[in-house]
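Report on the following structure.
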Amino acid sequence: MTAAIARRANQPPVYLDNQATTPCDPRVLEAMLPWFTEKFGNPHSVTHPYGREAEAAVERARAQLAALVKADPREIVFTSGATESNNLAVKGALRFHRQFGKDHVVTLVTEHKCVIESCRAMEAEGFRATYLPVEPSGLVDLERLEKAIDKGTVLVSVMAAHNEIGVIQPLAEIGALCRKHGVMFHTDAAQAVGKMPVDVETMNIDLMSISGHKIYGPKGVGALYVRRRPRARIAPLIDGGGQERGLRSGTLPTPLCVGIGEAAALAQAEMGEEAKRLLGLRQRFLAGIMRNLPQTRLNGDAEHRLPGSLNLSFPGVPAPALMEACPGLAVSTGSACTAAEIEPSFVLRALGISGDLAAASLRIGLGRFTTADEVDYAVETLTAGVKRLGAEGVTTALAGTT
Amino acid sequence: MRRAAPSRRNSSGLSFWVMTGKRETYLDWNANAPMRAEAIEAVARALPLCGNPSSVHRFGRRARQAIEAARESVAALINAAAEDVVFTSGGTEANNLALKGFPERRVLVSAIEHDSVLAAVPEATRIPVRPSGVIDLAALETLLAEDKRPALVSVMFANNETGVIQPAVEIARIAHAHHAVYHCDAVQGPGKAVVDFRAIGADLMTISAHKIGGPMGIGALIARNDLALKPLVAGGGQERGRRGGTENFPGIVGFGAAAKLAAAEASVMPRVATLRDRAQHALQAAAPAAKIFGVEAVRLPNTLCIAMPGVAAATQVMALDLGGVMVSAGAACSAGKVTRSHVLDAMGVPRVEAECAIRITLGWSTEAADIDHLIEAWTALYARSQASAA
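Protein chains in written order, with the working numbering: chain A, 6 to 407; chain U, 16 to 405.
Right, here's the structure in full:
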């Protein structure tokens with residue numbers, strides 16, 4: 006038994022699936038708790054103090070979130086999460102602009118499933134969608150993107166940092182291109198916000214989806230940034246009491262808003278140091294794996310990627326078998342939303358990776374609470390697993406089932 | 016992590032009241048109920064966990080198991096099948112999902128529905144209500160008979176402003192006789208009255224956690240499994256493809272914990288009804304000209320909608336608030352805007368009366384002293400208004 010494995014005997018599994026979700030930071034939890042207990046007012050009940058203090062807390066959270074992405078607080082619309090934000094952005098923008106004879110959205114084949122599904126739902130309503138391929142690096146080809154924009158194009162939707170492969174798209178370049186052609190730029194920044202600098206002004210972002218539970222905040226809350234100048238016009242998805250300037254009705258969940266606000270403030274304060282620390286851990290992880298298993302392949306651009314994110318292929322070793330061989334590791338083969346599917350990742354296939362190799366790939370997500378010891382443990386346990394499965398010839402045994 | 020039970024009077028954020036030692040009485044339960052200690056504990060335990068319920072690893076599986084247990088509790092609260100429960104971000108989203116989920120059907124809604132139903136399909140046909148606050152069943156029958164296209168009928172279980180309980184069983188029967196789908200917005204119901212999805216015969220039902228002592232930001236649409244419901248939020252196929260997005264795991268377990276307790280709540284409602292009736296009689300005795308709405312119909316035991324003659328609702332709410340009594344002038348969702356109640360309008364209440372109506376709503380922890388406080392503050396305000404009018 007190797008050193009880190011021995012040290013971690015009888016410990017809970019090491020959580021390296023921080024792209025799927027992050028644990029709520031204890032400081033965030035602490036900030037939220039009073040809003041569950043004694044401060045229980047409905048933030049829209051402005052006629053009494055319980056309601057008014059809740060409203061003030063929600064507005065403070067809105068300002069915290071806005072500051073993180075260099076937005077105006079009035080540009081932040083709270084939602085139930087990034088999936089709703091993505092639906093609101095794509096469907097809302099297309100539906101609003103139908104009255105001007107515009108009907109087209111441009112996106113990438115590697116987008117999160119909820120963006121793809123939103124585009125497909127819009128196609129069923131008579132809109133047009135273009136799904137662009139990506140480079141083998143996972144990055145968008147800007148020339149191809151520009152060519153895809155036509156007279157009817159309403160918006161371009163490109164994920165800021167990828168949930169499976171971690172690559173960061175050239176946001177400022179895409180934003181400039183969209184501005185030049187007078188189309189809206191939406192980015193699903195669920196994985197990016199709080200982990201890398203995002204500036205809606207310099208990047209010319211018009212709509213941006215944000216998630217609470219990907220930034221050590223609570224689940225069940227997210228936001229859509231909606232630009233005021235020039236105004237990004239969208240139709241609401243959920244109608245009712247007219248909350249969130251009519252763009253998103255429903256009682257705002259005060260504790261969840263407070264949570265995402267606090268998570269944003271912490272991310273803003275700590276991002277610089279934390280990114281350096283995570284990059285160091287990632288390099289330590291990758292160096293260890295490459296030293297022990299030199300045939301391992303890194304998927305997605307090596308340079309333009311989130312500091313905590315890796316996607317690795319272990320040729321000849323099916324990922325499900327490897328995960329089973331490493332019960333002390335909580336990792337995944339890709340998006341949690343598609344985790345139950347047997348097919349290899351459509352994202353990896355879009356990078357030109359063969360089906361066999363895609364089926365031999367793991368997503369590694371290091372996070373705020375990941376330690377160097379956990380990284381060493383992960384390297385050792387993965388090394389042992391890959392070597393054992395390789396030696397046992399599990400490859401051939403499982404090849405038919407994966 | 017252990018936290019103190021929620022106390023309505025241990026309000027560290029409300030330093031003004033603490034410093035002045037004034038009594039605070041919260042009587043706006045139809046807007047929001049305080050969270051139950053058990054629900055807070057369930058949420059607080061779930062928040063630091065890091066599983067995405069869709070992940071295959073053990074953290075994910077553990078979250079999945081907790082969600083499915085909560086789904087059972089929520090289903091049991093309203094006697095539905097667990098597989099029919101679609102978790103949403105709240106009542107408003109659930110209403111939108113139901114109303115927009117059948118684009119091929121024409122939609123009929125009652126004139127007293129919540130804004131989230133009325134705004135979801137603005138072109139919907141309005142079913143009138145009678146002066147009692149109960150929907151006009153004969154009108155529903157006629158509306159369905161005169162247009163044979165497949166329809167969706169949406170009528171709430173009980174009205175949030177007047178507390179009037181609607182004849183849901185009858186509505187379901189009439190709807191089904193015309194091959195229509197029946198949606199029942201039961202946000203105001205569980206915990207205050209017995210709500211039985213199967214006995215009513217509803218096809219769709221909306222419920223919300225924060226009205227029964229669960230957390231805000233979580234609700235559910237109960238949707239019969241065999242209905243082809245078009246999703247509002249597309250995504251990773253969660254909730255059997257009916258609602259995409261990572262499940263709000265802490266919210267869902269908090270909802271489950273609250274649902275378990277709310278199911279047992281019927282037992283405290285006679286006590287709440289007695290308190291409400293005492294308030295009603297006392298206010299009526301102090302101001303014989305005061306008008307009480309929905310009183311001829313069967314009402315939720317906790318709701319009192321009353322007009323103080325000659326005093327605008329907004330003035331009453333502010334004055335009562337200064338006296339430490341928290342009520343509202345209609346639904347919280349539109350409380351920011353000063354508009355007249357569409358509910359009272361639909362009941363044919365004259366404008367002068369409707370403009371003076373406030374909503375007083377009680378809950379499981381409301382005490383006799385809270386009602387004394389209300390009566391004292393309300394009658395004092397009424398006396399002042401009479402004196403200045405004289």
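Glycine included, every Cβ here is placed at the ideal spot set by N, Cα and C.
As the structure is a prediction and not an experimental result, all values here were calculated from the model.
ask   = Which chain U residues are close to F351 (chain A), counting only those with a beta carbon under 7 Å from its beta carbon?
value = To locate residue 351 (chain A), count along the first sequence from 1; it is residue 346. Under the 7 Å cutoff, chain U gives no residues; its nearest Cβ is about 13 Å from F351 (chain A).
key: Status (buried if at least 16 other CB within 10 Å, exposed otherwise) for H296 (chain U)   = Position 281 of the second sequence, counted from the first residue, corresponds to residue 296 (chain U). Looking at its Cβ environment, which holds fewer than 16 other Cβ atoms inside 10 Å, H296 (chain U) is exposed.
ask   = Taking the DSSP output, what are the residues bridged to Y230 (chain A)?
value = On the first sequence, residue 230 (chain A) is found 225 positions in, with the first residue counted as 1. DSSP, once it has assigned bridges, lists A:I81, A:M213 as partnering Y230 (chain A).
request  = Measure the CB-CB distance between M315 (chain A) and R354 (chain A) and report whether it falls below 8 Å.
outcome  = For the purposes of this step, residue 315 (chain A) is identified with residue 310 of the first sequence, where counting begins at 1. For the purposes of this step, residue 354 (chain A) is identified with residue 349 of the first sequence, where counting begins at 1. Note that residue 315 (chain A) is Leu in the sequence shown here, rather than Met. No, the pair does not count as a contact, with Cβ atoms beyond the cut-off.
key: Residue-level contact to chain A via CB, V204 (chain U), 8 Å cutoff   = Within the second sequence, numbered from 1, the residue matching residue 204 (chain U) stands at position 189. The question names Val, but residue 204 (chain U) is Gly in the sequence shown. No, G204 (chain U) does not count as interfacial toward chain A.
key: DSSP-derived helix/strand/coil call for A197 (chain A)   = Here residue 197 (chain A) refers to the residue found at position 192 when the first sequence is read from its first residue. Coil.
Against chain U: residues of the region 36-50 of chain A by CB proximity under 8 Å = Residues M37, L38, P39, F41, T42, E43, K44, F45, G46, N47, H49, S50.
ask   = By Cβ distance, which residues of its chain are closer than 6 Å to A347 (chain U), with the 5 residues on each side in sequence left out?
value = The residue given as residue 347 (chain U) occupies position 332 in the second sequence. Interpretation of A347 (chain U) is limited by its pLDDT of 49, a score under 50 that renders its predicted location unreliable; the figure taken from the coordinates is listed afterwards. Cβ within range, chain order: A46.
key: 9 Å Cβ cut-off: residues of chain U touching D22 (chain A)   = Numbered from 1 along the first sequence, position 17 holds the residue referred to as residue 22 (chain A). By Cβ distance, chain U contributes C65, G66, N67, S70, H72, F74, G75.
key: Neighbourhood of E140 (chain A) by C-beta distance below 7 Å, restricted to the same chain and skipping five residues each side   = Translated into the one-based positions of the first sequence, residue 140 (chain A) becomes position 135. Here the set comprises D146.
ask   = Do the region 193-208 of chain U and the region 225-240 of chain U touch if we need at least three Cβ pairs shorter than 8 Å?
value = With contact defined as three or more Cβ pairs closer than 8 Å, the region 193-208 of chain U and the region 225-240 of chain U are in contact.
inquiry  = Suppose only complete runs of 3+ residues qualify. What are the beta strand (DSSP E) ranges in the region 60-135 of chain U, listed by chain order?
reply    = 100-103, 121-125
query = For chain A, is any of its Cβ atoms less than 8 Å away from the one on M362 (chain U)?
reply = In the second sequence, the residue the question calls residue 362 (chain U) occupies position 347. Interface residue (Cβ-Cβ distance to chain A less than 8 Å): M362 (chain U) is not classified as such.
key: Proximal chain U residues relative to N92 (chain A), where beta-carbon distance stays under 8 Å   = If you number the first sequence from 1, residue 92 (chain A) lands on position 87. What N92 (chain A) touches in chain U: L247, V248, A249, G250, G259.
Beta strand (DSSP E) segment containing C124 (chain A), residue limits = As a first step, residue 124 (chain A) is located in the first sequence; it is residue number 119 there, counting from the start. Per DSSP, C124 (chain A) belongs to no beta strand (DSSP E); it is in the alpha helix (DSSP H), 118-129.
ask   = Between which two residues does the alpha helix (DSSP H) containing T376 (chain U) stretch?
value = Translated into the one-based positions of the second sequence, residue 376 (chain U) becomes position 361. Element bounds for T376 (chain U): not the alpha helix (DSSP H) but the beta strand (DSSP E), 372-376.
key: Continuous beta strand (DSSP E) stretch holding L367 (chain A): start and end   = Mapped onto the first sequence, residue 367 (chain A) falls at position 362. Unbroken beta strand (DSSP E) run through L367 (chain A): 366-370.
query = So which residues on chain U does H218 (chain A) lean against when the C-beta distance must stay under 7 Å?
reply = Within the first sequence, the letter at position 213 stands for residue 218 (chain A). Within chain U, the residues near H218 (chain A) are T261.
ask   = What are the complete alpha helix (DSSP H) segments, minimum 4 residues, inside the region 137-212 of chain A?
value = 147-153, 176-186
message = Looking at L212 (chain A): is its Cβ nearer than 8 Å to the Cβ of L247 (chain U)?
response = As a first step, residue 212 (chain A) must be located in the first sequence, where it is residue number 207. As a first step, residue 247 (chain U) must be located in the second sequence, where it is residue number 232. For L212 (chain A) and L247 (chain U), no; Cβs fall outside 8 Å.
Cβ-based contacts, 9 Å cut-off: residues of the region 207-236 of chain U near chain A = So the close ones are S223, H225, P230, M231, G232, I233, G234.
query = Is it a yes or a no for the region 247-261 of chain U touching the region 118-136 of chain A, going by three-plus beta-carbon pairs under 8 Å?
reply = yes
task = Pick out whichever of U:T221, U:H193, U:V287 has its Cα sitting closest to the Cα of D99 (chain U).
result = Stepping through the second sequence from its first residue, residue 99 (chain U) is reached at position 84. Distances from the alpha-carbon of D99 (chain U) to those of U:T221, U:H193, U:V287 put U:T221 closest.
ask   = Is the region 213-230 of chain A touching the region 185-198 of chain U in the sense that three or more CB pairs, one from each, lie closer than 8 Å?
value = Cβ pair count under 8 Å is below three, so no.
key: V149 (chain U) in three-state terms, based on DSSP   = By 1-based counting over the second sequence, the position of residue 149 (chain U) is 134. Coil at V149 (chain U), not helix or strand.
Neighbourhood of R13 (chain A) by C-beta, 6 Å cutoff - its chain only, sequence neighbours within 5 removed = The residue labelled residue 13 (chain A) in the question sits at position 8 within the first sequence. So the list reads Y382, once near-sequence residues are dropped.
inquiry  = Is there a Cβ of chain U sitting closer than 8 Å to that of L387 (chain A), yes or no?
reply    = Numbered from 1 along the first sequence, position 382 holds the residue referred to as residue 387 (chain A). Cβ-Cβ to chain U under 8 Å: no for L387 (chain A).
key: First through last residue of the alpha helix (DSSP H) which encompasses G360 (chain A)   = Taking the first residue of the first sequence as position 1, residue 360 (chain A) is located at position 355. G360 (chain A) -> alpha helix (DSSP H) spans 360-363.
task = For M50 (chain U), name the three-state secondary structure that DSSP assigns.
result = Translated into the one-based positions of the second sequence, residue 50 (chain U) becomes position 35. Three-state result, M50 (chain U): coil.
Residues within the region 69-90 of chain A neighbouring chain U, beta-carbon criterion of under 9 Å = T84, S85, G86, A87, T88, E89
ask   = What does a CB cutoff of less than 7 Å around A322 (chain U) pick up in its chain, not counting 5 residues either side in sequence?
value = On the second sequence, position 307 is the one that residue 322 (chain U) refers to. Hits under 7 Å: A305, K306, E368, C371, A372.
message = So, with DSSP's three-state summary, where would you put K392 (chain A)?
response = Taking the first residue of the first sequence as position 1, residue 392 (chain A) is located at position 387. Three-state DSSP puts K392 (chain A) in a helix.
query = What's the C-alpha gap between N91 (chain A) and A300 (chain U)?
reply = The residue given as residue 91 (chain A) occupies position 86 in the first sequence. The residue given as residue 300 (chain U) occupies position 285 in the second sequence. Cα to Cα, N91 (chain A) sits roughly 56 Å from A300 (chain U).
inquiry  = Any C-beta of chain A within less than 7 Å: which residues of the region 82-107 of chain U qualify?
reply    = S104, G105, T107
message = Please tell me whether A413 (chain U) has its Cβ less than 8 Å away from any Cβ of chain A.
response = Here chain U covers residues 16 to 405 and nothing more, so residue 413 (chain U) does not appear.
query = Could you give the distance in angstroms between the alpha-carbon of V74 (chain A) and the alpha-carbon of N168 (chain A)?
reply = What you label residue 74 (chain A) is simply residue 69 of the first sequence in a count that begins at 1. What you label residue 168 (chain A) is simply residue 163 of the first sequence in a count that begins at 1. Each residue's alpha carbon lies about 19 Å from the other.
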